[in-house]
Amino acid sequence: MKRVYYWKLIRDKIPEKIKNSGNEFETRQLSKPEFLKELLKKAVEESKELLNSKNKKETIEEIADVLDVIDEILKFKKITPRQIADQKKKNLEKKGGFGKRLYLIWSSDDGYKTNGRLGKKE
């Protein structure tokens, strides 16, 4: 039987589904530092899937997946909903929301560091 290597965090019921489909698999339990690293990678993976969602149903499914991963990160890091709500309020006051649908094309270089991509539009 051909093996497909995934090397990624999976949900708890996935091994059962693989077994029930008649396939073999191998898993291992992650250490706490490994688990956190893989959760963060999973958040990126799920966000990319959200970006590629084609319709409302897929968007709902992908948002739910993103939120599941975020909830697990919050639980792991012992971050409360109140802490998140407080930070969201601070962000809104400091940076504003997204209601104006603004898209930054360019800005003169003032040394500001961003998480966004830089360079020409692809």
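Under our numbering, the first residue of the sequence shown is numbered 85, with each subsequent residue one higher.
We put the beta carbon where it would ideally sit given N, CA and C, even for glycine.
| Spatial neighbours of residue 129 in its chain, beta-carbon cut-off 8 Å, leaving aside the 5 residues before and after | The answer, listed in chain order, is 92.
| N-terminal and C-terminal residue of the alpha helix (DSSP H) that residue 152 is part of | If you look at residue 152, you'll find it in the alpha helix (DSSP H) that goes 140-161.
| message | Using only the alpha-carbon positions, how far apart do residue 131 and residue 146 sit? | response | About 8 Å.
| said: Suppose the cutoff is 6 Å on Cβ atoms and the five residues either side in sequence are ignored; what does the same chain contact list for residue 206 look like? | reply: Per-residue confidence for residue 206 stands at a pLDDT of 48, beneath the threshold of 50, marking its modelled position as unreliable; no derived number is given.
| Apart from the five residues on each side of it in sequence, which residues of its chain come closer than 8 Å, Cβ to Cβ, to residue 176? | Here the set comprises nothing.
| Does the pairing of the stretch 179-188 with the stretch 147-166 give three or more beta-carbon distances under 8 Å? | No: fewer than three Cβ pairs fall under 8 Å.
| Test item: CB-CB of residue 150 and residue 135 under 7 Å | No, they are not a contact pair.
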